[in-house]
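*Asks:* What follows is a single structure, and I will ask about it in a moment.
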Amino acid sequence: MRRIPVLAIAIVLALAVVHGGSAAPAPTTFRIAIGIDPDTLDPAQTTTTTAANVLDYVVETLTTMDPEGKTQPLLAESWTVSPDGKAITFKLRRNVRFHDGTPLTAQAVKWNLDRVLDPKVRVPIRAPYVPISRVEVVDPLTVRLVLKDPAAYLVAAMTWTTVGIVSPSSVGKSGNTYENIVHPIGTGPYVYQSRVKGERIVLDKFPRYWGKKPYYDRVVVQVVPEATSRESLLLAGQVEMIILPPAADIPALQRNPNVKVLLAKGDRSIFIAINTQRPPFQRKEARQALNYAINKGAIIRSILFGAADPLDAPMPPVLFGYCRTGTYPYNPSKAKSLLAEAGVSVGTEVELLAPTGRYLQDFQAAQAIAGYLREAGLRVNVRTMDWPSYIATITKPLPENQTQMHLLGWAPAYLDAHQQMLQFWSTQWPPAGLATTFYKNPRVDELIETASKEVDPEKRKDLYCQASKIIWDEAPWIFLWVQRFPIVYSAKVTKISSLPNEKFYAVYAEPVR
């Protein structure tokens, strides 16, 4: 028998693939580079939008936010609110399954929401859901939230990843416990496959997904803290999308025909959180001085290259409840006099913590801020660390928390002042929440609590405006800017966009045809 050369067999197989033969096509992969390693993969424990953005591939919520910021159905196909505002009933979609094959039911939703409300579970962003008194299973596909008080924002709050629905059956498997999910099993278009901490997370397409199927078989999320390294990977074709490129390079990237730049508007306030309970900044005059000491416009122009807008209130304009409150113009003389008035002597040593790779030009901006504070007479030491360590440091309870100032960003999951105001509500001091300034004003607490229960939109706006004016005057933050959200992706792919709560949306990305 005449032998067929191996090379000839290989050519035949290759031609079979090209002409529709039976050989399997190579899997397609979409690669994303982000700046931080997620501190958790438990939806209930999320603290940051980037980690939530990754989890959104795997877990889904009852409602979702569209690109215009409006609330739309997701796992719930519809909902109704009782006339008194104290009950919300969600009707679930049929034929939805978790990645482990178990069905989505009202009982599974109840289990998840009960878990979010359970004090045994660490839930940093629990406050929006505290109005829930109990969760009732009406029938296998209907769940009712019974509220202690009306909460006009709650349907929108159900879009946030904190209340992402995981399979109750996953507890006790793959390292999962009731208190801590490390291997999320959701209903989303992708299945969590693997993770190498500090390097990457791998997600595979879920073949039984209930909704529209994504194009790519696999999504690889790479952890790349340095903005220049993320940019290099994109330009070399080693990833298809990055977030937060070097701000100085944005104009050149916009001119590069090989990439697309999306400067998305967002709702993220960037600020320096001041520990109001630790020296030397307990007095408001000292905190006001820090605000006058910083030339925010110069930093936006020279370090952020225009990719931000100065804050003129304790919240971004896009949020319901915003009212323009004021400005702290650059005035170094006033800064020095206020520091003296507050008893902060020239040469006082303070530490400023800042992350690297979490926000646009975060460490560079922190260095510039430190320079201005030095000009005002302070001795400032700037320190950075990886994101999980950073979060663990700034969220220690007050008795253990030695921070003085730290750079932070806050992007409400839904476009309502309620979640922004969690930063100023004393009920949210760590570990109960993420109000890392440890700010407390009884009148502000009263206004926030009253607004959370008010159903009249105009009255709610007025309450938030009153609170904003007090907060602005007492300055628990150095009020900096509202960050734009730069997303850069290969010109070879399409269908990439953003959401107004500073999330990228690339689930349905596909090659340009």
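With the numbering used here applied, the sequence shown covers 3 to 515. From the three backbone atoms N, C-alpha and C, an ideal C-beta is built for every residue, glycine too.
Return the chain-ordered list of same chain residues with a C-beta closer than 6 Å to the C-beta of L292, the five sequence neighbours on each side being excluded.
*Replies:* Position 290 of the sequence shown holds residue 292. Excluding sequence neighbours, L292 sits near I480.
*Asks:* Along the chain, which unbroken stretches of the beta strand (DSSP E) at least 3 residues long are found entirely within the segment 18-70?
*Replies:* 31-36 and 65-67
*Asks:* Drop a sphere of 10 angstroms on the beta-carbon of V140, count the other beta-carbons inside from all chains shown, and report buried for 16 or more, exposed for fewer.
*Replies:* Here residue 140 is taken as the residue at index 138 of the sequence shown, counted from 1. Burial call: exposed.
*Asks:* Which runs of the beta strand (DSSP E) spanning at least 3 residues fall entirely within the segment 341-401, listed in chain order?
*Replies:* Counting only runs of 3 or more, we get 351-355 and 381-385.
*Asks:* Quick one: grab the DSSP three-state call for K199.
*Replies:* Residue 199 sits at position 197 when you count from the first residue of the sequence shown. Coil.
*Asks:* Find out if the Cβ-Cβ distance for the pair S500, G411 is shorter than 8 Å.
*Replies:* For the purposes of this step, residue 500 is identified with residue 498 of the sequence shown, where counting begins at 1. For the purposes of this step, residue 411 is identified with residue 409 of the sequence shown, where counting begins at 1. No, the Cβ-Cβ distance between S500 and G411 is not below 8 Å.
*Asks:* Report the rounded CA-to-CA distance for S339 versus R360, giving the unit in angstroms.
*Replies:* The residue given as residue 339 occupies position 337 in the sequence shown. The residue given as residue 360 occupies position 358 in the sequence shown. Rounded to the nearest angstrom, the two C-alpha atoms are 34 Å apart.
*Asks:* CA-CA distance, G23 and Y218?
*Replies:* Within the sequence shown, residue 23 is the residue found at index 21, counting from 1. Within the sequence shown, residue 218 is the residue found at index 216, counting from 1. Unreliable placement is indicated for G23, whose pLDDT of 47 sits below 50; no coordinate value is reported for it.
*Asks:* Considering only C-alpha positions, which residue in the set L380, P142 and F322 is nearest to T350?
*Replies:* By 1-based counting over the sequence shown, the position of residue 350 is 348. The shortest Cα separation from T350 among L380, P142 and F322 belongs to L380.
*Asks:* Let's test the definition: count the other Cβ atoms within 10 Å of the Cβ of R210 and tell me whether it reaches 16, buried, or not, exposed.
*Replies:* As a first step, residue 210 is located in the sequence shown; it is residue number 208 there, counting from the start. It counts as exposed.
*Asks:* In or out: Y294 buried (at least 16 other Cβ within 10 Å) or exposed?
*Replies:* Here residue 294 refers to the residue found at position 292 of the sequence shown. Y294 should be labelled buried.
*Asks:* If I measure Cβ to Cβ from L77 and keep anything under 7 Å in the same chain, skipping five residues before and after, which residues do I get?
*Replies:* Start at 1 with the first residue of the sequence shown, and residue 77 comes out as number 75. Same-chain partners within the cutoff: E62, T63, L64, L94, R95, V98, L106, I167 and T189.
*Asks:* Rounded to whole angstroms, how far is the Cβ of D269 from the Cβ of P318, which I believe are closer than 8 Å?
*Replies:* The residue you call residue 269 lines up with position 267 of the sequence shown. The residue you call residue 318 lines up with position 316 of the sequence shown. Indeed they touch by this definition, with Cβ atoms about 5 Å apart.
*Asks:* Can you tell which of I245, D116, P331 and V384 has the C-alpha that lies nearest to the C-alpha of R136?
*Replies:* Sequence index remark: in the sequence shown, residue 136 carries index 134 (1-based). R136 has its Cα closest to that of D116, out of I245, D116, P331 and V384.
*Asks:* Just to confirm before moving on: does the CB-CB distance between F487 and N55 stay below 8 Å?
*Replies:* Residue numbering aside, residue 487 sits at position 485 when the sequence shown is read from its first letter. Residue numbering aside, residue 55 sits at position 53 when the sequence shown is read from its first letter. It is not a contact, given that the beta carbons lie outside the stated cut-off.
*Asks:* Could you give the DSSP three-state label for H101: helix, strand or coil?
*Replies:* Indexing the sequence shown from 1 puts residue 101 at position 99. Coil.
*Asks:* Between R124, M423, K461 and V490, which has its C-alpha nearest I472's C-alpha?
*Replies:* Looking up residue 472 in the sequence shown gives position 470. Ranking the options by Cα distance to I472, first place goes to M423.
*Asks:* Under the three-state reduction of DSSP, which class applies to K214: helix, strand or coil?
*Replies:* Along the sequence shown, one-based indexing puts residue 214 at 212. The answer is coil: DSSP assigns K214 none of H, G, I, E or B.
*Asks:* Does the distance from the C-beta atom of A198 to that of I90 stay below 8 Å?
*Replies:* Within the sequence shown, numbered from 1, the residue matching residue 198 stands at position 196. Within the sequence shown, numbered from 1, the residue matching residue 90 stands at position 88. Note on identity: in this sequence residue 198 is Val, with Ala being the wrong assignment. Not a contact, by the Cβ cut-off of 8 Å.
*Asks:* Here's a check: name, in chain order, each residue in its chain whose Cβ is nearer than 7 Å to the Cβ of R326, leaving out the five neighbours to either side.
*Replies:* Looking up residue 326 in the sequence shown gives position 324. Closer than 7 Å at Cβ, skipping near neighbours: D314 and A315.
*Asks:* Candidates T230, V382, M243 and A238: which alpha carbon is nearest A250's?
*Replies:* Taking the sequence shown and counting its residues from 1, the one referred to as residue 250 is at position 248. Ranking T230, V382, M243 and A238 by Cα distance to A250 puts T230 first.
*Asks:* Once DSSP output is grouped into helix, strand and coil, what is the label at K2?
*Replies:* Because residue 2 is not part of the residues shown, which for the chain are 3 to 515, the question remains open.
*Asks:* Taking C-alpha atoms, which residue in I301, L375 and K497 lies nearest to V484?
*Replies:* As a first step, residue 484 is located in the sequence shown; it is residue number 482 there, counting from the start. Selected option, being the one with the closest Cα: I301.
*Asks:* According to DSSP, is T144 helix, strand or coil?
*Replies:* Taking the first residue of the sequence shown as 1, we reach residue 144 at position 142. Three-state DSSP puts T144 in a strand.
*Asks:* So, for I34: in the same chain, excluding its five sequence neighbours on each side, which residues have a beta-carbon less than 6 Å away from its beta-carbon?
*Replies:* By one-based count along the sequence shown, residue 34 stands at place 32. V223 and M243, listed in sequence order.
*Asks:* Leaving out five residues before and five after Y29 in sequence, what residues of the same chain have Cβ atoms less than 7 Å from its Cβ?
*Replies:* Within the sequence shown, residue 29 is the residue found at index 27, counting from 1. For the record, residue 29 in the displayed sequence is Pro; it is not Tyr. The residues are D219 and R220.
*Asks:* Going by C-alpha to C-alpha distance, which of D41, I36 and F32 sits closest to T397?
*Replies:* Here residue 397 is taken as the residue at index 395 of the sequence shown, counted from 1. Checked all of D41, I36 and F32; the closest Cα to T397 is D41.
*Asks:* Taking L147 and I127 to be in contact with their CB atoms under 8 Å, please state how far apart those CB atoms are, rounded to whole angstroms.
*Replies:* The residue labelled residue 147 in the question sits at position 145 within the sequence shown. The residue labelled residue 127 in the question sits at position 125 within the sequence shown. Wrong, their Cβ atoms sit about 17 Å apart, outside the cutoff.
*Asks:* Give every residue of the same chain whose Cβ lies closer than 8 Å to the Cβ of T82, excluding the five residues on either side of it in the sequence, and list them in chain order.
*Replies:* Mapped onto the sequence shown, residue 82 falls at position 80. Only I90 and T91 meet the Cβ criterion.
*Asks:* Below 8 Å on the Cβ atoms is my contact criterion, and I expect A511 with I498 to pass it. Report the Cβ-Cβ distance as a whole number of Å.
*Replies:* The residue you call residue 511 lines up with position 509 of the sequence shown. The residue you call residue 498 lines up with position 496 of the sequence shown. Confirmed, Cβ separation roughly 5 Å.
*Asks:* Looking at chain C, is there any beta carbon in it that lies within less than 8 Å of the beta carbon of A158?
*Replies:* This model lacks chain C altogether; it includes just one protein chain.
*Asks:* So E343 and E377 are in contact, right, with Cβ under 8 Å, and what is the actual spacing, rounded?
*Replies:* Your numbering for residue 343 matches position 341 in the sequence shown. Your numbering for residue 377 matches position 375 in the sequence shown. Wrong, their Cβ atoms sit about 18 Å apart, outside the cutoff.
*Asks:* How would you call Y374, buried or exposed, if buried means at least 16 neighbouring beta carbons within 10 angstroms?
*Replies:* Along the sequence shown, read from residue 1 onward, the residue named residue 374 stands at position 372. Buried: at least 16 other Cβ atoms inside 10 Å.
*Asks:* Which partner residues of G177 appear in the DSSP bridge assignment?
*Replies:* One-based indexing of the sequence shown puts residue 177 at position 175. G177 pairs with nothing; no bridge assigned.
*Asks:* Kindly indicate which residue of P513, V495 and I489 has the alpha-carbon position closest to the one of A266.
*Replies:* Stepping through the sequence shown from its first residue, residue 266 is reached at position 264. Nearest C-alpha to A266: I489.
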